[in-house]
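Since the structure comes first, as structure tokens, the remarks are kept for the end.
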Amino acid sequence: MDDCGAVLHNIETKWLYDFLTLEKCRNFSQAAVSRNVSQPAFSRRIRALEQAIGVELFNRQVTPLQLSEQGKIFHSQIRHLLQQLESNLAELRGGSDYAQRQN
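Under the UniProt record's numbering, read the sequence shown as residues 1 to 103, first letter to last.
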């Protein structure tokens with residue numbers, strides 16, 4: 001398995017939603033409330049995501065919080081990835097229509 005595959009095995013989907021929520025709220029406390037977790041746990045999840053992918057996603061030196069350059073790229077990619085995942089799951093749950101189109 002290459003390094004990218006190993007990284008994917010270490011990323012939790014909820015961390016990706018946390019990332020999108022933090023980008024929207026621009027504040028750790030507000031984002032944590034929105035995601036229904038404690039602020040320390042939320043911060044750990046964001047840090048775990050950053051460690052898993054090997055880049056800092058946010059510039060924590062400014063208020064309100066801002067995406068880093070890498071974070072801007074990641075945001076666009078992850079937003080589309082999660083939309084596609086949700087769409088695929090909805091299609092699968094739709095049952096036989098999708099399966100019939102594939103045959």
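Beta carbons: idealized from backbone N, C-alpha and C, even for Gly.
Contact check for Glu56 against Gln70 passes: the beta carbons are separated by less than 8 Å. Secondary-structure assignment with DSSP links Phe28 through no beta bridge to anything. Beta-bridge pairing by DSSP links Gln66 to Asn59. Shown here, Ser43 sits in a helix according to DSSP, grouped into three states.
The three-state reading of DSSP puts Arg35 in coil, since its state is none of H, G, I, E or B.
Below 8 Å, too few C-beta pairs join the segment 24-36 and the segment 69-84 to call them touching: fewer than three. Rounded to the nearest whole angstrom, the C-alpha separation of Lys14 and Leu89 is 16 Å.
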